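Mind the numbering: the sequence shown is residues 1 to 459 in the working numbering, read in order. Glycine included, every Cβ here is placed at the ideal spot set by N, Cα and C. A quick note: this is a predicted structure, and the numbers were derived from the prediction, not measured.
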Amino acid sequence: MSARSELRFPEGFVWGAATAAYQIEGAVREDGRGPSIWDTFSRTPGKVFQGHTGDIACDHYHRYPDDVAMMAELGLQAYRFSVAWPRIRPDGTGPVNPRGLDFYDRLVDSLLARGIDPIVTLYHWDLPQGLEDRGGWTTRETAEHFADYAVAVHQRLGDRVRTWTTLNEPWCSAYLGYGNGVHAPGGQDAGDAFRAVHHLLLGHGLATLALRAAGVEVLGITLNLADVQPADADSPADAAAVRLVDGLHNRIFLDPLTGAGYPDDVLAHVSRLVEPDFIRDGDEKVIAAPIDLLGINYYAPTYVAGRAGGAGGSAYPGSAGSVEFLPPVGPLTDMGWMIEPAGLTRLLERVAADYPGLPMIITENGAAFPDKAGTERTGWVADTDRVAYLDGHLRAVHQAISRGVDLRGYLVWSLLDNFEWAEGYRKRFGIVHVDYLTQRRTPKESARWYQGVISRNGL
Ligand code: PNW
C-alpha cells in the first residue's frame, strides 16, 4: 500500500524557506559593500548579545553554491532571500555598485539552475548607514532613494526573478528601530517611529509604482501581523485594548496598503503623540498602489488587557496607561514566545475577511529552540520540538485554506541558524544547523521532516 498523507495541500502550493542578507551573508567589507545601520548598531556596546555582529554570519556570500545545492536536496521549491541595499548603493545615494549586483546575479542563476524559484525581498532592515546619517526612515528622501534602489536591482535581476516583495516587517523597522531602540538604528522617539511607519509605506508605494512600470509580474510586501487577543473575551476594556494594539500593529499598515487610508482611530492616537504633518496630500494614493500578494510572518499570538495605568508595551507608542500585555504562558520557544498554532488560523481568516481579494503567502514561520548536545559528534540534530511546532502550524495553515483562505505558499524561517538580530547567534531558528566555528551545515530532523512534507505536498 502506498503511503497516503493525511492532509493534502492544494496543487501548486509553494514550499520553501527564507533568510535575510545581514543574517547569513557575512562578507560585510567585500566587493564594495558599504556599511549598514546593523553594522553600526552591532558594534555599539550593549546593543547585541555579547557584541555579536554579522561580519561572518553563515559566510553564505562565499558558500552560496553549497547552500543552494542543499536547498535542492531538501526539495525546496522557492527560496526567499533579501538583497543588501549597501551592496548595491554603498553610501546610499551614490552610483550603483555592479559587483554587489553580481553576487545576486550568481545566486539567482544557481537557484534557477536547480529549479528553485527566487523570491526577492528588497529591504530586510540593512539600511545604508549613509542614509541613516541623513535621517534614515524619519525622512521622506529615504523613501525616494528606496524606489531608485529597487529599480536598480530590478534592472539586473528582473529578467529572471518573477516574485518581488518590497519591505520585510516595517513594524519592526519603525517601532523597534526608531521607537524603543531594540533594533538598529536604536532611536527612541514615538514621533520618529510614526514618521518611519509613513516613510516606509511611502517607500513601498513608490517602489511598487516604479517596479510595476518596469513590468514586474508578482509584487508584494511582507508584514509581521499580530493575532491580538483579549485576556477576557467578555471585557469591553480588553476589547478596547485589542482595538488599540491591532490598530498600531495591523491596521496602520493594512488599511493604507489596501486603499482605505490610515484608520481614523489610529490617526487620532498618533496625533496625540506627534503632529502628523509628515503625511502629505497624495501619499495615501501612492501607498495604495495595487499589490498581488501579501506576505505574512507569524510566530506567536499577543494577549492584551485594558487596564487604567497599565504598563503598555515599549514597541507600541502611547500604549502605556491603558494596556497591559500579558506574559506568555504555556510551552514557549527559546525566544520566550508562546506556541499557539490556532493564532495563525485566526490571523489568516481575519485578513481574508477584512481585506478580501488579496492572495497571501506565509513568508516566515518557525521557531528557535536550544541546540541539543552532541550535534558535532553524531552529525544529527534531533529537534523534535521544532518538528512539532512546524507540524502544528502547518495544520493551522491547512485549516485556514480549507475554510477558503487564498494562501499560495509557506516559507519556513529559517533555512539556516543565523544572526538573530539583538539576540546574536544564541537563538537558532534554522532547519539546518550551523557550526559557526567550522561553518559546517547539518540538516536537522526538521529539515528531513520538511523534505517529506514537500515531497508529499501534505502532512
Ligand atoms: C522576524 N518582535 O523578526 C524577522 O523577519 C526575521 O529576520 C527574524 O529572524 C525572525 O522574525 C525571528 O525573530 C522579528 O520583537 C523580530 O516582535 C522581532 C519581533 C518580531 C519579528
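For the beta strand (DSSP E) containing residue i, list its first residue and its last residue.
{"i": "residue 121", "result": "117 to 123"}
{"i": "residue 182", "result": "Premise fails: residue 182 is in no beta strand (DSSP E) and is neither H nor E."}
{"i": "residue 28", "result": "Per DSSP, residue 28 belongs to no beta strand (DSSP E) and is neither H nor E."}
{"i": "residue 435", "result": "432 to 435"}
Taking a contact to mean a Cβ-Cβ separation below 8 Å, would you say residue i touches residue j in this structure?
{"i": "residue 297", "j": "residue 345", "result": "no"}
{"i": "residue 257", "j": "residue 221", "result": "yes"}
{"i": "residue 37", "j": "residue 141", "result": "no"}
{"i": "residue 138", "j": "residue 199", "result": "yes"}
{"i": "residue 249", "j": "residue 171", "result": "yes"}
{"i": "residue 210", "j": "residue 143", "result": "no"}
{"i": "residue 335", "j": "residue 427", "result": "yes"}
{"i": "residue 145", "j": "residue 187", "result": "no"}
{"i": "residue 57", "j": "residue 88", "result": "no"}
{"i": "residue 227", "j": "residue 305", "result": "no"}
{"i": "residue 320", "j": "residue 310", "result": "yes"}
{"i": "residue 50", "j": "residue 424", "result": "yes"}
{"i": "residue 446", "j": "residue 429", "result": "no"}
{"i": "residue 162", "j": "residue 108", "result": "no"}
{"i": "residue 34", "j": "residue 130", "result": "yes"}
{"i": "residue 392", "j": "residue 7", "result": "no"}
{"i": "residue 14", "j": "residue 408", "result": "yes"}
{"i": "residue 218", "j": "residue 293", "result": "yes"}
{"i": "residue 416", "j": "residue 453", "result": "no"}
{"i": "residue 27", "j": "residue 52", "result": "no"}
{"i": "residue 329", "j": "residue 312", "result": "no"}
{"i": "residue 245", "j": "residue 355", "result": "no"}
{"i": "residue 388", "j": "residue 372", "result": "no"}
{"i": "residue 365", "j": "residue 410", "result": "yes"}
{"i": "residue 398", "j": "residue 103", "result": "no"}
{"i": "residue 206", "j": "residue 253", "result": "no"}
{"i": "residue 243", "j": "residue 265", "result": "yes"}
{"i": "residue 367", "j": "residue 350", "result": "no"}
{"i": "residue 278", "j": "residue 185", "result": "no"}
{"i": "residue 284", "j": "residue 318", "result": "no"}
Using 8 Å as the limit for Cβ to Cβ distance, is residue i near chain B?
{"i": "residue 417", "result": "Included in the structure is just one protein chain, with no chain B present."}
Would you give the residue range spanned by the alpha helix (DSSP H) that residue i belongs to?
{"i": "residue 455", "result": "445 to 456"}
{"i": "residue 408", "result": "Element bounds for residue 408: not the alpha helix (DSSP H) but the beta strand (DSSP E), 407 to 413."}
{"i": "residue 229", "result": "Note, residue 229: premise wrong, no alpha helix (DSSP H); beta strand (DSSP E) at 228 to 230."}
{"i": "residue 17", "result": "Where residue 17 is concerned, there is no enclosing alpha helix (DSSP H), although the beta strand (DSSP E) it sits in stretches over 14 to 18."}
{"i": "residue 237", "result": "236 to 246"}
{"i": "residue 459", "result": "From DSSP, residue 459 is part of no alpha helix (DSSP H); its letter is neither H nor E."}
{"i": "residue 131", "result": "129 to 132"}
query: Are three or more beta carbon pairs between the segment 81 to 93 and the segment 3 to 23 nearer than 8 Å?
result: A contact exists between the segment 81 to 93 and the segment 3 to 23.
message: As an exercise, report each continuous beta strand (DSSP E) stretch of at least 3 residues that is fully enclosed by the segment 322 to 398, in chain order.
response: Listed in chain order, they are 323 to 325, 360 to 364.
field: Unbroken stretches of the alpha helix (DSSP H), 4 residues or longer, contained in the segment 258 to 320
entry: As far as the segment 258 to 320 is concerned, its whole alpha helix (DSSP H) runs of at least 4 residues are 264 to 271, 283 to 287.
query: Would you call the segment 122 to 129 and the segment 60 to 72 touching, i.e. three or more CB-CB distances under 8 Å?
result: Proximity of the segment 122 to 129 to the segment 60 to 72 falls short of the contact definition, fewer than three beta-carbon pairs being nearer than 8 Å.
message: To test your reading of the DSSP string, which unbroken beta strand (DSSP E) runs of 3 or more residues are found completely within the segment 150 to 222?
response: Segments of the beta strand (DSSP E) lying fully in the segment 150 to 222: 163 to 168.
- request: Check whether the segment 143 to 155 touches the segment 86 to 105, counting contact only when three or more Cβ pairs, one atom from each stretch, lie closer than 8 Å.
  value: The segment 86 to 105 and the segment 143 to 155 touch, with three or more beta-carbon pairs separated by less than 8 Å.
task: Tell me the start and end of each unbroken beta strand (DSSP E) in the segment 39 to 98 that is at least 3 residues and wholly inside, in chain order.
output: Counting whole runs of 3 or more residues, the segment 39 to 98 contains the beta strand (DSSP E) stretches 78 to 82.
query: Does the segment 416 to 432 touch the segment 354 to 363, meaning 3 or more C-beta pairs lie closer than 8 Å?
result: The segment 354 to 363, when compared against the segment 416 to 432, does not touch it at the 8 Å Cβ threshold.
field: Three or more C-beta pairs below 8 Å linking the segment 283 to 294 and the segment 268 to 275
entry: Contact between the segment 283 to 294 and the segment 268 to 275 is absent: fewer than 3 CB-CB pairs across the two stretches fall below 8 Å.
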